[in-house]
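To start, the structure itself, in structure tokens.
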Amino acid sequence: MSSLQELCSGLPLRPLPENRGRWAGVPHAPVRTPNLSPEEEQLALRNALRYFPPDVQKLLALEFAQELRQFGHIYMYRFCPSIEMRAYPIDQYPCRTRAAAAIMHMIMNNLDPAVAQFPQELVTYGGNGQVFSNWAQFRLTMSYLSKMTEEQTLVMYSGHPLGLFPSSPRAPRLVITNGMVIPNYSSRTEYEKLFALGVTMYGQMTAGSYCYIGPQGIVHGTVLTVLNAGRRYLGIENLAGKVFVTSGLGGMSGAQAKAAAIVGCIGVIAEVDKAALVKRHRQGWLMEVTDSLDRCIARLRYGLAVWDPEHLTLSTGSRGESMTWAIQCLMFDHREARKKKEVLSLGYHGNVVDLWERLVHELDTTGELLVDLGSDQTSCHNPFNGGYYPVQLSFSEAQSLMSSNPAAFKHLVQESLRRHVAAINRLAQEKFFFWDYGNAFLLEAQRAGADVEKKGANKMEFRYPSYVQHIMGDIFSQGFGPFRWVCTSGDPQDLAVTDHLATSVLEKAIADGVKASVKLQYMDNIRWIREAAKHQLVVGSQARILYSDQKGRVAIAVAINQAIASGKIKAPVVLSRDHHDVSGTDSPFRETSNIYDGSAFCADMAVQNFVGDACRGATWVALHNGGGVGWGEVINGGFGLVLDGTAEAEQKARMMLSWDVSNGVARRCWSGNPKAYEIICQTMQENSGLVVTLPHEVADEQVLQQALRP
């Protein structure tokens, strides 16, 4: 077991560390298929060897070549450290600046096996969301951070640490770009080659910007989505007894199980990877698991007993006291689970297409609709490389075919997507409501030839809405988005203090008077913080996420900074957010899908946000191609801001957080969104330094038609 001091000392070369290969007992990324030519293979190997002096290149060349041909990428497993990978308290990092230590805390959290999806392949979430491209990059980055002063900035090119460059104390300490490929070459096929060559990287959103906080990072958004779906589609505030069916229990999608419990509904989540399902159960995020469709249906209809997570078999109490499903069904009244309004998160180990088709079968044979709400969180942005598993194959069969015959695998994925959509379409003929969760599910289904067309719609719209279009879009237009913070002390008590501070800030804002729509969001937030503490949402770093508006973010940041100054919080706190936010992402099939002035495919907002945050005090900034809906489909960015209790930190927080929200609200206002117009006008009244160009509506639509007559 190495120490943090050793970890930060650079590449270990003399002697080289032992090559232990791939670890057993942890999930690994699917084999990639870049289809490199012999010349490209040589280039990939040459690029990897650039990190090492000539005296070790011959030995490393052989094993790197083997990795490239066996796994489709050079991960440099030999240099994967033996230290326990986790977010250590900030004071333990050997650094010259607190900012650098805070960044190291965040990096190691992203690679914590309890957090990361494929830790040894440096993938945090989403199937291919890389923190780095290889382990040499990780070690060099940690070494640079340990040496960095307040007058240097570390520059990162798609996982590669270009180096430390002179800068000023007010400049960012770290600037990250991921996947900045020339637009005409930003295709899936080109990406696989470029990643294999080691020259670019898909950082997802918060994987490559070092700001991931475990599945909690999406729980709050999922809670708000399901709550607001109930309000919009079912016309109810209380979801007790309602059934939500979806898929995915991986890095981000694992949040769905916990969200179902928090909102008080019955959630059934399908997952093909047993390791992911068992992991979520052991973490307390799933209440029950089963591998039987019969038992899923019985659980919805009758209410049953306790599931055995290890063997995925039904039991009624202590292990071994099993009963047959048929006998057990007779013990309960018809539809008892829903009548009793039981809170349940049930993991189904199997393919979600089988689950949807079984629900259709129940509807067609009994007339009973067993589901109210539905969505999907497979990693459909990456459907042919492990993001979506076809129903026709088992998990292991799919992994094998994916690497041995990619064309055949793609054919089966697209056939599976067509079946997937057909089942949803049948259920939607009844009182069932489905939405796209921004994972490119409907986009890929359309490309597969599934029946998702919405007649008379533009190219961003499908038969079912994106959750941004119908559910979360209004929240973004009001300036609410996934604000978050991380207590770098690693002490749960510090997190409890921040929870109390955030609740107090929101309660005071309500008492001072806010508009009804804003009050509703604040009340949801207060409920969320209280539920978050009860539901043990922390996985990895001591972090919290909270959907907040500009006022709330600034007020919470100021309160936290003052608590650090007074000693109520023992160490610096990192402020951040998901890139999936008001201003952080231009994505026509998700974050900007409700922008209808033609600019949804333009990325000025995200790029300006990245630059503006850097100019206004961010400790680090990141700009990415890809994230959420996939490579080439989105530009997004994020930041980290270290609060250390100083007056300077408070000033930076006020300035940067205000820009970070107002930029997106102003853009949404200009696109014609009335709620954004209202919010930005109010913000201008409160801040005389903010002057935004406001749009004028066309007063008479006939003017357009008359002017364009032939």
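Residue numbers (full-length UniProt numbering): 1 to 710.
Virtual Cβ for every residue (Gly too), placed ideally from N, Cα, C.
This one's a predicted model, so the numbers in the text were calculated from it and none came from an experiment.
- Note on geometry: alpha-carbon atoms of residue 181 and residue 429 lie some 43 Å from one another.
- Excluding residues up to 5 positions away in sequence, 510 lie with their Cβ nearer than 8 Å to the Cβ of residue 519 in the same chain.
- Listed in chain order, the beta strand (DSSP E) elements of length 3 or more contained wholly in the stretch 524-586 are 542-548, 573-577.
- No residue range can be given for residue 631, since it is assigned to no beta strand (DSSP E) and is classified by DSSP as neither H nor E.
- Scanning its chain for C-beta atoms nearer than 8 Å, with the 5 sequence neighbours on each side dropped, one finds around residue 452 the residues 421, 442, 445, 446, 462, 463, 464, in chain order.
- CA-CA distance, residue 705 to residue 698, rounds to 12 Å.
- The beta-carbon distance between residue 127 and residue 379, rounded to whole angstroms, is 4 Å. This is short enough to meet the 8 Å contact definition.
- In the displayed model, residue 386 falls within a helix according to three-state DSSP.
- A buried status is given to residue 633, since no fewer than 16 other beta-carbon atoms sit within 10 Å of its beta-carbon.
- Unbroken alpha helix (DSSP H) stretches of 4 residues or longer found wholly inside the UniProt domain "Urocanase N-terminal" (85-211): 98-110, 135-147, 188-196, given in chain order.
- Within the stretch 456-522, complete alpha helix (DSSP H) segments of at least 4 residues are found at 473-477, 492-512, given in chain order.
- A check of alpha carbon separations from residue 295 across 358, 235, 237, 236 identifies 358 as the nearest.
- Residue 100 sits away from residue 74, with the two beta carbons spaced by 7 Å or more.
- Of the residues assessed, residue 575 falls on the buried side of the cut-off, its CB having 16 or more other CB atoms within 10 angstroms.
- The secondary-structure analysis by DSSP pairs residue 641 across a beta bridge with 575.
- Contact between residue 189 and residue 158 is ruled out by a C-beta separation of about 18 Å, above the 8 Å threshold.
- In the structure shown, residue 44 falls within a helical segment according to DSSP collapsed to helix, strand and coil.
- By DSSP's assignment, residue 624 forms a beta bridge with 178, 636.
- Taking the Cα of residue 391 as reference, the smallest distance to any Cα among 532, 413, 202, 291 is reached at 413.
- In chain order, 680, 692 place their CB closer than 7 Å to the CB of residue 666, counting only its own chain and leaving out the 5 sequence neighbours on each side.
- With contacts defined by Cβ atoms closer than 7 Å, residue 293 and residue 349 do not form a contacting pair.
- Short of 7 Å from the beta carbon of residue 220, and not among the five residues preceding or following it, lie these beta carbons of its own chain, in chain order: 482, 528, 545, 546, 547.
- The Cβ atoms of residue 476 and residue 607 lie no closer than 7 Å to each other.
- Secondary structure at residue 434: strand, using DSSP grouped into helix, strand and coil.
- Sequence-distant partners of residue 32 (beyond 5 residues in either direction) whose C-beta falls short of 6 Å from its own C-beta, in its chain, are 72, 73.
- Per DSSP, the continuous beta strand (DSSP E) segment holding residue 346 begins and ends at 344-349.
- Taking residue 410 as the centre and dropping the five residues before and after it, the same chain places the C-beta of 384 closer than 7 Å to its C-beta, in chain order.
- In terms of Cα proximity to residue 649, the closest of 670, 619, 669, 661 is 619.
- If you look at residue 63, you'll find it in the alpha helix (DSSP H) that goes 54-71.
- Residues 444, 445, 448, 450 of the same chain have their beta carbon placed closer than 7 Å to that of residue 417, with the five preceding and five following residues left out of the count.
- Remark: three or more beta-carbon pairs, one from each stretch, lie closer than 8 Å, so the stretch 227-246 and the stretch 268-286 are flagged as touching.
- In the three-state reduction of the DSSP assignment, residue 10 falls in the coil class.
- With a threshold of 16 other beta carbon atoms within 10 Å, residue 470 meets it and is buried.
- Beta-bridge annotation (DSSP): residue 263 is not paired with any residue.
- Secondary structure note for residue 222: it is in no beta strand (DSSP E), and the uninterrupted alpha helix (DSSP H) holding it is 216-229.
- Relative to the Cα of residue 211, the nearest Cα in the group 662, 637, 646, 659 belongs to 637.
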